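Some notes on the structure that comes next.
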Amino acid sequence: MQKSLDASFGALPQIAADVLDRLRVNRPAVHCITNNVAQAFTANILLSVGATPSMTISPDEIAAFVECCDALLVNLGTCDAERRKAIDMAVTAAQKTTSKPWVLDPVLIDRSPSRAAFARDLAGRGPAVVRLNHDEFRVLGGEGATPQTVEAYARDKALVVALSGASDLIADGTRRVTVSNGHPLMARVTAMGCAASALTAACLAVEPDTGRASAAALLIFGVAGEIAAETAHGPGSFAVAVIDALFNLDAATLRQRAKVM
Amino acid sequence: MQKSLDASFGALPQIAADVLDRLRVNRPAVHCITNNVAQAFTANILLSVGATPSMTISPDEIAAFVECCDALLVNLGTCDAERRKAIDMAVTAAQKTTSKPWVLDPVLIDRSPSRAAFARDLAGRGPAVVRLNHDEFRVLGGEGATPQTVEAYARDKALVVALSGASDLIADGTRRVTVSNGHPLMARVTAMGCAASALTAACLAVEPDTGRASAAALLIFGVAGEIAAETAHGPGSFAVAVIDALFNLDAATLRQRAKVM
Amino acid sequence: MQKSLDASFGALPQIAADVLDRLRVNRPAVHCITNNVAQAFTANILLSVGATPSMTISPDEIAAFVECCDALLVNLGTCDAERRKAIDMAVTAAQKTTSKPWVLDPVLIDRSPSRAAFARDLAGRGPAVVRLNHDEFRVLGGEGATPQTVEAYARDKALVVALSGASDLIADGTRRVTVSNGHPLMARVTAMGCAASALTAACLAVEPDTGRASAAALLIFGVAGEIAAETAHGPGSFAVAVIDALFNLDAATLRQRAKVM
C-alpha cells in the first residue's frame, strides 16, 4: 500500500539535484531558532548551499524575521524560557500562512521530561516535518513507538517524519523512503543533526512537496558526509569538509552515490 | 575637495602593516558584545592578529570589562533585551573616556524595525566607526541613503562609515578610500562581517586616526580573504584559511595585493 | 614529602592511554555549563574522544541533565544571572552523590570582581578539580597566591588544582606533577582552556583518582596540541587539527611525546 517516495516520484537523486539548484538560485531565507551550540555550524551549512540564515530569538523581533523568511527551523536544544517564548511567537507567526513551512527538531527530549512535553505540544501545531533520532522518536511517538510506527505517527499528525540513524527513514504516512548515505563521523561532530534539520527547512522553502523536500535534504546531507569522510583526518577536518562538499555538490555525484530504497 | 585617505596619508598598505605590527606587539583587549552566532569566529579572528577578546554581557560585569579593554565592539545581531541592556551599560562606560573607541555594527537592521531604531539611537552616542553593508546603510542613513550619501552621513555624525560590499568604502566626511580586496566566499561564511567589525575595533585600539584604523582593518581582512581563497575548497576550508592568513600576513603581501583607490 | 603523581602511580602516559581507551569505550555523558563562545568547540573536543556532551542551562531541565550525566563542567565565562542560577542548581544536583565529579573553570575572574567572588564560593562546594591559568589562580588563591602555594590551596580545599601555563602543574595536596606538552598556538585559539577543562571532566567520569584523571587530561590535550601544530598553517587549521589529533591519539604516541616531571 505504501509507496516508496523514490518509486512514486522518479529518481530521488534528480529531485535532490533540482532542489539544490533551486537553493542556489533562490537563496531562501531560513529563520532558525536553534541552540547556541549549533548556531554557527548551522548558519555555515545553510550558507554553503545558498540559503540565508537568521537566528534572533528576541521577542520584539522574531515575528518580523519569521514574516520575512521562507522557512523556519524550531530546534529544542538548550531550550530555556526565553527560547520557548520565542518558539511560541515564531510558530504563531508561521501559522498565519500555509506557505511558511517549519521543521521541528526535538533535540534530546529523551533527557528532559519538560522538553518532551513541549515537543509534543509543538508537534500538534502544524510542523511540515519532524526530524529526530531513534531515542527522540521513542519519546515523541508515545508508548510503543518504534521505527515501525513512524508512518502511523506521520499520518496521524499529518506531517513528515525524518528519522535519522545509520539509515534515514523519511515517511509522510502514505509514502516512505530510506536513505542509507552518511558516515559514522557525522556522530562525532556537534550539531550535525541540527544542521540536517536546518537544511530540511531550506529545502522546504524551494520544494512544496514536503516528503520530497525532506528526503532530498537528507540525501544531500548524507552524500556530502560521505564525500567529506574521504579526505578527513578526523572529526575536525570532517566538519570543515562537509561544508565544502555541500558547496561543491552536483547532480552527477548525487546520482552516483545515492543509496535510496 | 575630499581627499583619498590613501593619498592624504601615504600608502595605506604600509599603514595597515604598521597597525598589524602594533596589534601583534600591544595585544589590545577588545570587548565584544556580539551575537551568539559570531562569538567563536570573532574571538578567533581577534586572537589570530594578537588581540585579546572578551565577550561577557552580564550586567554586573560588563562595566568592569569595558573599563579594562582598549576598544569595544557593539554588534546588534540576535539582539535581545539582555543584550540591549548590556550595550547601553557598555556604551555608557566607553563614553566616560575619549580613549575607548567603539565600533557599531548594525547587523540586519533592514529586517527589524525595532533594531533599526536602536541602531539610530546608538549612532548618536559617539561610535568611532559604523561598519555595515549597503542594505543596512539604506536603513541607518535614512530616506534616500545611498553610497553617495555616506560621506555626508559620516560628517554629520562625526564618525567613520565603513561600508562593506564588493568594494569597501571608508569615509569620515573629509576623506574617503575604496578598498577592493576580498573574495565572494566571504559572503558564504557566517560572521565574516561581524569579524571585520571586531578587527576594526582592534585596529582602533592601536591607531588613533579612526579613518586610517578602519581602512587598515578592511584592507587587512580583504587581503586575508584573497589569500584564503587560493587554497580553499569551499566555504568551510575558507573560514579556516582566513584565520591562518591573518596570522601569517606581512607587509610585503599587503603592499603587493592592496587594491586601494 | 610530596610525591610526583608520575612516580607514585607509574607512567602517566600509560595512565592517560588507559583513560583515553575508557573514554572511547564508555562514552561518558558530560554536562557542560560553559560560555557561549566555547560551546561548539568544547562539544567537538568531547565528541572527538568519545564523550557525549550536553549543554542546557534551562532551570527546569538542568537537574535532569546533571542527574543523567557522568561528570559536570562549570565554566564561568560570559557568566550572566541565568547561568549563575543554572550553576547553583547543577552543583546542588551534583552534590547529591559522590559519584558525580565536577570541574570548576573560573574563566577571567581576574577581570571581574563579582565573578571572582562567585568562583570563591563555588570552590568551597566540592569541585573535584579547579582548572585555571596563573592570573586566575592569583585571584582565586587569595593574597600571596603563587604557583608555590598551589599545593597548600589544593590541600586546604581538598581538591585538585590544574594550573595551566607554558607547563601545566597538577597538584592535589600530597602529590604533584608537571606536564610540559602543548604548543604556543593553543593560546591563539579561543576556548582551548575551556575545552581542556571539559576534557578533564570527561576523564573524571572514567577515572576515580581525580589527580590521575586531571593529569591524564592535560597530557592528552597537550600532546594533541603538539601533533596539531606539526601540520597547522596558523591558528585556524590548528584548532581543526587538535580535534583530529585527539580522535587519532594512541598509547604509543602518548608514551613517545610525554614530557612529565
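Residue numbers (our numbering), protein chains in the order written: chain W, 1 to 261; chain H, 1001 to 1261; chain V, 2001 to 2261. In this text, a Cβ means the ideal position worked out from N, Cα and C, and glycines have one as well. Values in this document were obtained by computation on a predicted structure and should not be read as measured data.
Report buried or exposed for residue i, applying the criterion of at least 16 other Cβ atoms within 10 angstroms of its Cβ.
i	result
D1250/H	exposed
Q39/W	buried
G1077/H	buried
A1261/H	It should be pointed out that residue 1261/H corresponds to Met in this sequence rather than to Ala. The residue is exposed, with fewer than 16 neighbouring Cβ atoms inside 10 Å.
G1124/H	exposed
G1142/H	exposed
P2208/V	exposed
P2028/V	buried
M1001/H	Residue placement at M1001/H is flagged as unreliable, the pLDDT there being 38, under the threshold of 50; the coordinate-derived value follows with that caveat. M1001/H should be labelled exposed.
V1242/H	buried
E61/W	buried
D2244/V	buried
V1025/H	exposed
E230/W	exposed
S48/W	buried
G1050/H	buried
S112/W	buried
A154/W	buried
A2252/V	exposed
A1158/H	exposed
Tell me the DSSP bridge mates of residue i?
i	result
V2130/V	L2104/V and V2161/V
P297/W	Look at the range of chain W in this structure, 1 to 261, and you will see that residue 297/W is not part of it.
I170/W	A162/W and V177/W
A71/W	V30/W
V260/W	V179/W
Below 8 Å on the Cβ atoms is my guess for residue i versus residue j; work out the distance and round it to an integer in Å.
i	j	result
S1214/H	V1129/H	5 Å
A1263/H	L1199/H	Beyond the ends of chain H as shown, which are 1001 and 1261, falls residue 1263/H; an answer cannot be given.
V1107/H	V1074/H	Between V1074/H and V1107/H the Cβ distance is about 10 Å, and since that is not below 8 Å, they are no contact.
H2030/V	T2052/V	Before going on, a small fix: residue 2030/V reads as Val here, not His. Their Cβ separation, rounded to whole angstroms, is 7 Å, which keeps V2030/V and T2052/V in contact under 8 Å.
T2210/V	D2172/V	7 Å
G2126/V	Q2095/V	6 Å
A2162/V	R2212/V	Rounded, the Cβ-Cβ distance is 12 Å, inconsistent with contact.
C1194/H	D1105/H	6 Å
L1122/H	K1100/H	Actually they do not touch by this definition, with Cβ atoms about 15 Å apart.
L12/W	A258/W	6 Å
V248/W	G1222/H	It is Asn, not Val, that sits at residue 248/W in the sequence shown. No, N248/W and G1222/H are not in contact; Cβ-Cβ is about 24 Å, not under 8 Å.
Using a threshold of 8 Å, state whether the C-beta atoms of residue i and residue j are closer than that.
i	j	result
S164/W	A201/W	no
I2045/V	L2219/V	no
A224/W	C203/W	no
L1185/H	R1176/H	no
V1189/H	F1238/H	yes
A86/W	I33/W	yes
V1150/H	A1116/H	no
G1236/H	V66/W	no
V206/W	V19/W	yes
A191/W	T42/W	yes
N2036/V	N1036/H	yes
A119/W	M89/W	no
G2337/V	E2226/V	No information on residue 2337/V is available, as it lies outside the stretch 2001 to 2261 that chain V covers here.
C1069/H	S58/W	no
Exercise for the section: Give, in chain order, every residue of the region 1065–1099 of chain H whose Cβ lies closer than 9 Å to some Cβ of chain W. Expected result: G1077, T1078, C1079, D1080, A1081, E1082, R1083 and R1084
Exercise for the section: Closer than 8 Å, Cβ to Cβ, to anything on chain H: give me those residues from the region 29–48 of chain W, in chain order. Expected result: N36, Q39, A40, A43, N44, L47 and S48
Exercise for the section: Mind checking the region 1209–1229 of chain H against chain V and listing, in chain order, the residues whose C-beta falls within less than 8 Å of any C-beta there? Expected result: none
Practice task
Return the residues of the region 2137–2155 of chain V that lie within a Cβ-Cβ distance of less than 9 Å from chain W, sorted by chain order.
Solution key: none
Exercise for the section: Please list the residues of the region 2096–2124 of chain V that have a C-beta atom closer than 8 Å to any C-beta atom in chain H, keeping them in chain order. Expected result: L2108, R2111, S2112, P2113, S2114 and R2115
Practice task
Taking a Cβ distance cut-off of 8 Å, strictly less, list which residues of the region 1229–1245 of chain H are near chain V, in chain order.
Solution key: A1239, V1240, A1241, V1242, I1243, D1244 and A1245
Practice task
Taking only beta carbons into account, state which residues of the region 48–63 of chain W come closer than 8 Å to chain H, listed in chain order.
Solution key: S48, P53, S54, M55, T56, I57, S58, P59, D60 and E61
Exercise for the section: Give the residues from the region 1245–1259 of chain H that approach chain V closer than 8 Å (Cβ to any Cβ), ordered along the chain. Expected result: A1245, L1246, F1247 and N1248
Practice task
Taking a Cβ distance cut-off of 9 Å, strictly less, list which residues of the region 186–208 of chain W are near chain V, in chain order.
Solution key: A187, R188, V189, T190 and A191
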